[in-house]
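Undergrad: One structure, as structure tokens, below. Some questions next.
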Amino acid sequence: MLSENPSLEEFEKGLRDLLARGTLEFSNAKDADALEQARIEFLGDQRGKLREFQVALSKLPKDARPMAGRAFNSAKIQLTEAFEQRRGELAKASAHGSHRDLDLTMPARQQWRGAKHPVTVVIEEIEGIFRELGFTIATGPEAETEWYNFGALNFPPNHPAMDLHDTLYLRDDVLLRTHTSPVQVRTLQRYAPPIRVLIPGRVYRRDFFDPSHAPAFEQIEGLCVDEGISFVDLKATLTRFANRFFGRRPTRFRPSFFPFTEPSAEMDVQCGVCGGSGCGVCKQTGWVEILGSGMVHPAVLEASGVDSERYTGWAFGMGPGRIAISRYGIPDIRILYDSDVRFLERAGQ
Amino acid sequence: MNVSYEWLRAFVPFNETPAKLRDLITSRVATVDELVPLRSDLAPFVVARVVEAEHHPDSDHLWITKVDAGTGALLDVVCGAPNVEAGKLYPFAPVGITMPNGLKIERRRIRGQTSNGMLCSPRELGLGEEHQGILVLETDAPPGTPLLRVLPGGDTRLVIDVMPNRPDLLSHLGVAREIGAAVDSPVRLPNIEGADSSIPAAARVRSSGRTSGVDVRVDEESRVRRYMAVVIRGLKVGPSPEWLVKRLAAIESRSINNVVDTTNYVLHELGQPTHAFDLAKIAGPSIIVRRARSGERITTLDGAERALDANMVVIADAKRAQAVAGLMGGRDSEVSESTSDILLEVASFDPASTRATRRALGMSTDASYRFERGVDPALAPIALERTAQLIVAVAGGRVDDAPVDVYVADSLPNPLALRASRVQTVLGDAVPADEAASLLRRVGFDARVESTETVRVMAPTWRTDIAREIDLIEEVARLRGYDSFPDEIRPFRAGNVPDDPQWLLARRVRDALVGAGLLETRPMPFVSGAADGFVRVANPLAENESYLRRDILDTLSRRAEYNLARMQGDLRLFEIGAVFLPHGAMPREELHVGALIMGRRRPPHFSDPKSDEFERAMAFDVWDAKALAELIAREAYGTGAATIEQGADGELWTIHLAGERVGRVRTLTLDAPVWAKPAFGVELSLGVVDSTAVAPAGRNAHRASEYVPVRVGPYRPIPSQPAAPFDIALLVPDSVRAADIESAIRQVSGDLLESLLLVDEYAGKNIEAGHRSLAWRLTFRHPERTLSAKEIEGRRTNVLRHLEKTLNVRPRTN
Numbered sequence: 000m001l002s003e004n005p006s007l008e009e010f011e012k013g014l015r016d017l018l019a020r021g022t023l024e025f026s027n028a029k030d031a032d033a034l035e036q037a038r039i040e041f042l043g044d045q046r047g048k049l050r051e052f053q054v055a056l057s058k059l060p061k062d063a064r065p066m067a068g069r070a071f072n073s074a075k076i077q078l079t080e081a082f083e084q085r086r087g088e089l090a091k092a093s094a095h096g097s098h099r100d101l102d103l104t105m106p107a108r109q110q111w112r113g114a115k116h117p118v119t120v121v122i123e124e125i126e127g128i129f130r131e132l133g134f135t136i137a138t139g140p141e142a143e144t145e146w147y148n149f150g151a152l153n154f155p156p157n158h159p160a161m162d163l164h165d166t167l168y169l170r171d172d173v174l175l176r177t178h179t180s181p182v183q184v185r186t187l188q189r190y191a192p193p194i195r196v197l198i199p200g201r202v203y204r205r206d207f208f209d210p211s212h213a214p215a216f217e218q219i220e221g222l223c224v225d226e227g228i229s230f231v232d233l234k235a236t237l238t239r240f241a242n243r244f245f246g247r248r249p250t251r252f253r254p255s256f257f258p259f260t261e262p263s264a265e266m267d268v269q270c271g272v273c274g275g276s277g278c279g280v281c282k283q284t285g286w287v288e289i290l291g292s293g294m295v296h297p298a299v300l301e302a303s304g305v306d307s308e309r310y311t312g313w314a315f316g317m318g319p320g321r322i323a324i325s326r327y328g329i330p331d332i333r334i335l336y337d338s339d340v341r342f343l344e345r346a347g348q
Numbered sequence: 000m001n002v003s004y005e006w007l008r009a010f011v012p013f014n015e016t017p018a019k020l021r022d023l024i025t026s027r028v029a030t031v032d033e034l035v036p037l038r039s040d041l042a043p044f045v046v047a048r049v050v051e052a053e054h055h056p057d058s059d060h061l062w063i064t065k066v067d068a069g070t071g072a073l074l075d076v077v078c079g080a081p082n083v084e085a086g087k088l089y090p091f092a093p094v095g096i097t098m099p100n101g102l103k104i105e106r107r108r109i110r111g112q113t114s115n116g117m118l119c120s121p122r123e124l125g126l127g128e129e130h131q132g133i134l135v136l137e138t139d140a141p142p143g144t145p146l147l148r149v150l151p152g153g154d155t156r157l158v159i160d161v162m163p164n165r166p167d168l169l170s171h172l173g174v175a176r177e178i179g180a181a182v183d184s185p186v187r188l189p190n191i192e193g194a195d196s197s198i199p200a201a202a203r204v205r206s207s208g209r210t211s212g213v214d215v216r217v218d219e220e221s222r223v224r225r226y227m228a229v230v231i232r233g234l235k236v237g238p239s240p241e242w243l244v245k246r247l248a249a250i251e252s253r254s255i256n257n258v259v260d261t262t263n264y265v266l267h268e269l270g271q272p273t274h275a276f277d278l279a280k281i282a283g284p285s286i287i288v289r290r291a292r293s294g295e296r297i298t299t300l301d302g303a304e305r306a307l308d309a310n311m312v313v314i315a316d317a318k319r320a321q322a323v324a325g326l327m328g329g330r331d332s333e334v335s336e337s338t339s340d341i342l343l344e345v346a347s348f349d350p351a352s353t354r355a356t357r358r359a360l361g362m363s364t365d366a367s368y369r370f371e372r373g374v375d376p377a378l379a380p381i382a383l384e385r386t387a388q389l390i391v392a393v394a395g396g397r398v399d400d401a402p403v404d405v406y407v408a409d410s411l412p413n414p415l416a417l418r419a420s421r422v423q424t425v426l427g428d429a430v431p432a433d434e435a436a437s438l439l440r441r442v443g444f445d446a447r448v449e450s451t452e453t454v455r456v457m458a459p460t461w462r463t464d465i466a467r468e469i470d471l472i473e474e475v476a477r478l479r480g481y482d483s484f485p486d487e488i489r490p491f492r493a494g495n496v497p498d499d500p501q502w503l504l505a506r507r508v509r510d511a512l513v514g515a516g517l518l519e520t521r522p523m524p525f526v527s528g529a530a531d532g533f534v535r536v537a538n539p540l541a542e543n544e545s546y547l548r549r550d551i552l553d554t555l556s557r558r559a560e561y562n563l564a565r566m567q568g569d570l571r572l573f574e575i576g577a578v579f580l581p582h583g584a585m586p587r588e589e590l591h592v593g594a595l596i597m598g599r600r601r602p603p604h605f606s607d608p609k610s611d612e613f614e615r616a617m618a619f620d621v622w623d624a625k626a627l628a629e630l631i632a633r634e635a636y637g638t639g640a641a642t643i644e645q646g647a648d649g650e651l652w653t654i655h656l657a658g659e660r661v662g663r664v665r666t667l668t669l670d671a672p673v674w675a676k677p678a679f680g681v682e683l684s685l686g687v688v689d690s691t692a693v694a695p696a697g698r699n700a701h702r703a704s705e706y707v708p709v710r711v712g713p714y715r716p717i718p719s720q721p722a723a724p725f726d727i728a729l730l731v732p733d734s735v736r737a738a739d740i741e742s743a744i745r746q747v748s749g750d751l752l753e754s755l756l757l758v759d760e761y762a763g764k765n766i767e768a769g770h771r772s773l774a775w776r777l778t779f780r781h782p783e784r785t786l787s788a789k790e791i792e793g794r795r796t797n798v799l800r801h802l803e804k805t806l807n808v809r810p811r812t813n
């Protein structure tokens with residue numbers, strides 16, 4: 000207790016004692032009730048012991064008041080902190096204690112999980128690898144002119160090469176693109192080389208929806224055009240891609256034919272199932288075909304208004320749907336497109 | 000295309016096993032899809048030598064033999080054949096294998112003697128009817144050699160995927176030529192006994208001629224590159240000899256009779272289709288190659304009656320069509336048992352014309368397949384001589400007059416220059432001129448090295464695919480082997496093309512929707528549609544899906560029904576894809592995002608209350624749909640850029656961007672079972688897909704990539720002053736909309752109104768009829784000081800007064 004008109008010394012000493020006792024009481028409080036009792040005793044608004052010092056402040060000599068005020072504030076802050084700290088400790092302990100009866104082996108409350116389509120996952124993975132090699136994304140329309148889809152890509156009119164592209168037509172010279180390659184021409188016309196683009200998109204074929212065909216499916220292709228781009232660059236880039244995508248399995252290139260590339264090459268990776276010794280998956284060849292590729296045919300550059308003597312390039316195309324099928328072991332291509340939620344949820348996991 | 004391993008070996012000597020040959024052809028020429036071992040049921044049988052043979056002590060006809068089957072030990076084998084003889088070689092079935100008739104060979108005792116396997120007769124091996132004695136093998140092969148190695152019936156079929164640019168590979172000759180180049184061996188026609196009769200040289204004419212009393216005339220010169228005919232008289236139609244049957248069987252071609260088989264044989268040997276007419280059935284006798292008459296009909300060899308039109312070329316006699324040029328002969332003049340004289344046609348029909356006719360008639364034959372891709376006119380005289388010689392060899396008869404040859408020689412192609420520097424540019428590796436020339440010569444090119452830089456090249460007549468320098472570069476690359484080129488990464492320049500903005504946009508929206516728990520789909524974009532307002536596919540696969548969709552919700556609704564039919568009612572589907580609207584010549588194509596939600600908002604949890612009320616509250620409702628629309632709009636157009644307005648005509652809301660309607664939210668009507676929850680759909684446009692031409696053919700419109708700024712909101716200081724929130728509960732007549740009240744509140748609240756949040760809606764007990772109660776929380780905040788109680792009270796009074804005055808909305812008092 001302070002005297003009626005305390006001196007500064009008395010005030011400060013009393014404050015120190017109060018702080019020491021209060022801190023001790025707070026930290027010794029066994030539970031929330033005891034702590035609350037201690038709070039009222041020291042920090043209570045009406046009869047708290049600290050309150051007494053606040054009242055006493057005004058009775059101090061004028062010149063002692065600033066010093067005493069600072070001491071008071073400091074003591075109040077320290078006491079409050081001590082109280083809060085103990086309160087936190089008790090709350091934590093009680094949180095543990097009050098949940099002791101829950102059976103924590105029971106399942107959590109779930110949210111629906113979203114998922115990208117497996118084909119999107121494959122496309123984004125391919126995109127990621129090619130981005131490291133400096134490729135960006137280009138796209139184009141699905142309804143195309145015959146010229147962009149065939150003419151500019153060096154398809155001879157009325158040629159059996161067209162048989163591989165059974166086409167859905169909208170009008171005489173307007174069709175649903177049969178491959179993403181028309182975007183090669185659009186890109187070559189729009190931007191000057193150097194060009195390094197990846198072209199994902201939906202394409203159409205006049206194929207019945209059956210276990211191994213879909214009338215609409217996805218393709219992703221790449222195009223690289225600049226001065227001095229060669230077959231070595233094609234092999235190097237695609238081999239690098241295959242090693243990143245399929246693991247370090249041997250690859251091979253074999254002759255093929257596409258009207259818009261020459262030389263044309265198909266790329267195989269060694270069968271991952273049998274390791275090259277031959278099995279049902281690879282039809283006993285030991286190899287699995289993954290993409291078609293080739294050097295951009297000069298006729299395509301010429302059709303796109305690009306100097307075919309100065310520039311050379313390569314291109315490739317592959318089916319992310321087919322890759323998804325083999326990766327997930329999907330027995331029927333229609334499962335990719337039927338949109339059964341049980342498939343989509345599982346594929347996203 | 001099917002080829003036979005043994006047949007190829009008759010053209011060119013090579014030692015590669017079938018598997019090695021497959022790899023060789025695949026890596027240098029064309030992909031071999033499949034290897035089919037023929038008579039693979041004989042694969043476990045081996046060649047064995049009988050070392051000793053003694054009579055069985057308890058039998059008149061059995062022998063006890065000791066057999067060397069290459070196992071290192073002599074086997075005791077009991078044999079009942081009269082012709083077993085020590086020292087000779089026979090087919091042997093070891094213990095454990097299964098005979099072609101299904102009998103399993105086991106070790107067994109025959110009259111007290113152990114027998115470890117069986118020596119086999121032709122009939123037991125399925126090689127003929129002979130069963131009196133075992134098959135004596137005339138071979139040098141050591142015991143233990145697989146039987147198929149020494150037996151003529153053993154062969155392997157290679158199925159080659161020949162690309163449309165290489166019609167020259169559609170024959171054993173063509174494939175053999177490539178093998179010869181790869182193994183560096185000469186190629187020659189297989190020698191066939193008796194096929195050496197001399198055929199008189201053909202007489203070349205411009206449009207018509209005569210052979211052995213038959214007039215031959217070609218009216219359609221532009222569509223028939225060469226037409227040769229020869230008459231063979233006095234032949235005898237009958238079964239083909241065994242070698243011919245076997246050759247055809249190896250490539251899966253059925254034997255018919257010796258004449259037809261020979262024409263088939265030559266087609267596969269040389270790639271030249273030919274046709275034999277029964278001369279007795281040819282009116283005139285004359286052969287006229289002309290256009291079909293409109294309304295003309297023909298019954299082809301397959302028994303089908305076909306209607307012809309004036310765009311088709313036929314081979315006719317004096318009266319009527321006897322064959323469809325390049326496709327198939329007619330039944331009337333088919334070679335039969337009674338045929339003794341034939342007219343043999345060896346022609347080269349125009350590819351485009353054959354293709355058009357083939358498509359119009361909806362049929363394809365071995366002949367049309369080759370004519371469509373191009374049959375070398377220079378091959379005709381060779382094939383004619385070969386076919387005639389073979390027919391005479393297998394069916395008798397004679398050629399008594401020089402063949403007719405209607406042919407206006409094609410002009411020679413121009414020589415091409417192959418530059419070594421260009422080879423290096425395209426292939427990335429130096430191939431010296433003389434190496435390139437020697438590679439080309441191996442496959443029949445005429446290649447002259449003019450300098451270290453230039454090779455002058457003439458392609459052989461059968462290489463119709465060679466038109467410019469790049470074609471020669473491809474030849475050099477593949478003949479040298481693609482694997483001979485390095486695959487090191489070389490320095491490159493960065494590209495000039497920026498990422499497509501629509502792709503980036505789609506990716507943002509997709510990531511947001513996946514994050515919100517939705518499942519991405521990629522369904523087929525065809526719908527049942529209607530003649531008006533939809534883009535129709537001219538040649539659809541199915542009439543009930545002959546239109547392209549004009550909105551994604553149409554497709555997603557069908558996918559939802561698919562799931563409902565499989566008892567799946569908790570659906571959160573979305574798709575980002577193209578939709579099509581009629582619009583002049585090209586459809587208007589837009590990139591849309593569509594989302595469909597129905598069913599539970601989250602998976603059930605054991606702690607959930609078990610009540611119908613809770614079930615209902617847990618299901619997706621219109622507010623979830625609105626939230627989804629806002630989420631997409633925010634991702635797609637930026638925060639605050641789009642407005643959402645109340646919709647009409649069955650739509651809940653419409654979304655607007657810069658004055659244009661870009662999306663909508665609606666309740667979906669599905670073909671749904673009774674237990675299904677309501678379904679909601681959201682669809683927004685992510686922009687028009689540009690399908691205009693970038694530049695005219697052969698031109699470019701090169702431009703610099705434009706700067707696409709990143710959208711960011713301005714910085715707003717984090718508040719340092721306390722907020723002053725208060726609630727107002729209002730009694731709202733049904734005619735007044737929440738949005739009206741919100742805008743009225745904003746009107747009088749001034750800049751200090753930080754947020755306005757609807758916190759409750761209530762109607763029913765204690766609320767006047769025709770009204771509902773709505774409650775808002777208004778939060779005011781001054782950036783620099785604490786608002787006084789008086790200021791806050793003043794604002795509350797202002798707001799309430801304004802609402803009452805303008806909207807007749809009063810505070811709720813109970």
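If you read the sequences in order, they're chains A and B.
With numbering that gives the first Met the number 0, letter number 185 in the first sequence gets 184, and the count goes up by one each step, no holes.
With numbering that gives the first Met the number 0, letter number 515 in the second sequence gets 514, and the count goes up by one each step, no holes.
Even glycine gets a Cβ: it sits at the ideal position worked out from N, Cα and C.
How many whole angstroms separate the CB atoms of A626 (chain B) and M597 (chain B), which I take to be in contact at a CB cut-off of 8 Å?
TA: Stepping through the second sequence from its first residue, residue 626 (chain B) is reached at position 627. Stepping through the second sequence from its first residue, residue 597 (chain B) is reached at position 598. Not really, about 15 Å apart at Cβ, beyond 8 Å.
Undergrad: State the start and end residues of the unbroken beta strand (DSSP E) segment that holds H655 (chain B).
TA: Numbered from its first residue, the second sequence carries residue 655 (chain B) at position 656. Here the beta strand (DSSP E) through H655 (chain B) covers E650 to L656.
Undergrad: Taking a contact to mean a Cβ-Cβ separation below 8 Å, would you say L814 (chain B) touches V442 (chain B) in this structure?
TA: Past the edges of chain B, shown from 0 to 813, lies residue 814 (chain B), and the structure says nothing about it.
Undergrad: Can you give me, in chain order, the residues of the segment 513-535 of chain B that have a beta carbon less than 8 Å from any beta carbon in chain A?
TA: So the close ones are V513, G514, A515, G516, L517, L518, E519, T520, R521, P522, M523, P524, F525, V534 and R535.
Undergrad: Do you know offhand how far V11 (chain B)'s Cα is from I191 (chain B)'s?
TA: Taking the second sequence and counting its residues from 1, one reaches residue 11 (chain B) at position 12. Taking the second sequence and counting its residues from 1, one reaches residue 191 (chain B) at position 192. Separation of V11 (chain B) and I191 (chain B) (C-alpha to C-alpha, rounded to the nearest whole angstrom) is 15 Å.
Undergrad: Is there a C-beta anywhere in chain B that falls below 8 Å from the one on H164 (chain A)?
TA: For the purposes of this step, residue 164 (chain A) is taken as residue 165 along the first sequence, with counting starting at 1. Answer no: the Cβ-Cβ gap between H164 (chain A) and chain B never drops below 8 Å.
Undergrad: For the candidate residues B:V475, B:L517 and B:D470, whose alpha-carbon lies nearest to that of A429 (chain B)?
TA: Position 430 of the second sequence, counted from the start, is the residue given in the question as residue 429 (chain B). Closest option to A429 (chain B), Cα to Cα, is B:V475.
Undergrad: What residue range is occupied by the uninterrupted beta strand (DSSP E) comprising V35 (chain B)?
TA: Translated into positions along the second sequence, residue 35 (chain B) becomes position 36. Where V35 (chain B) is concerned, the enclosing beta strand (DSSP E) stretches over T30 to L37.
Undergrad: For the alpha helix (DSSP H) that contains R357 (chain B), what are its first and last residues?
TA: Locating residue 357 (chain B) in the second sequence gives position 358, counting from the first residue. Here the alpha helix (DSSP H) through R357 (chain B) covers P350 to L360.
Undergrad: P810 (chain B) CB to nearest chain A CB: under 8 Å?
TA: Your numbering for residue 810 (chain B) matches position 811 in the second sequence. No, no contact with chain A.
Undergrad: Quick one, which residues of the segment 247-271 of chain B are near chain A if we go by CB-CB under 9 Å, in chain order?
TA: none
Undergrad: In angstroms with no decimal places, state the Cα-to-Cα distance between N256 (chain B) and P376 (chain B).
TA: What you label residue 256 (chain B) is simply residue 257 of the second sequence in a count that begins at 1. What you label residue 376 (chain B) is simply residue 377 of the second sequence in a count that begins at 1. Straight-line Cα distance between these residues: approximately 27 Å.
Undergrad: Just to confirm the assignment, what range does the beta strand (DSSP E) spanning D404 (chain B) have?
TA: Position 405 of the second sequence, counting from 1, holds the residue named residue 404 (chain B). If you look at D404 (chain B), you'll find it in the beta strand (DSSP E) that goes V403 to V405.
Undergrad: With a 10 Å radius around its C-beta and 16 neighbouring C-beta atoms as the bar for buried, classify D375 (chain A) as buried or exposed.
TA: One cannot answer for residue 375 (chain A) here, as it falls past the ends of chain A, which runs 0 to 348.
Undergrad: Name, please, each residue of chain B whose Cβ falls closer than 7 Å to the Cβ of R195 (chain A).
TA: Residue numbering aside, residue 195 (chain A) sits at position 196 when the first sequence is read from its first letter. G494, listed in chain order.
Undergrad: Roughly how many angstroms separate the alpha carbons of W111 (chain A) and A618 (chain B), rounded to a whole number?
TA: Residue numbering aside, residue 111 (chain A) sits at position 112 when the first sequence is read from its first letter. Residue numbering aside, residue 618 (chain B) sits at position 619 when the second sequence is read from its first letter. Their Cα atoms are separated by approximately 13 Å.
Undergrad: If you follow the beta strand (DSSP E) that H54 (chain B) is in, where does it begin and where does it stop?
TA: Within the second sequence, residue 54 (chain B) is the residue found at index 55, counting from 1. Start and end: V45 to H54.
Undergrad: Any idea if P181 (chain A) is buried or exposed, counting beta-carbon neighbours within 10 angstroms, 16 or more meaning buried?
TA: Taking the first sequence and counting its residues from 1, one reaches residue 181 (chain A) at position 182. Buried, since its Cβ has 16 or more Cβ neighbours within 10 Å.
Undergrad: Among B:R27, B:L669 and B:A641, whose alpha-carbon lies nearest the alpha-carbon of R660 (chain B)?
TA: In the second sequence, residue 660 (chain B) corresponds to position 661, counting from 1. With distances taken between Cα atoms, R660 (chain B) lies closest to B:A641.
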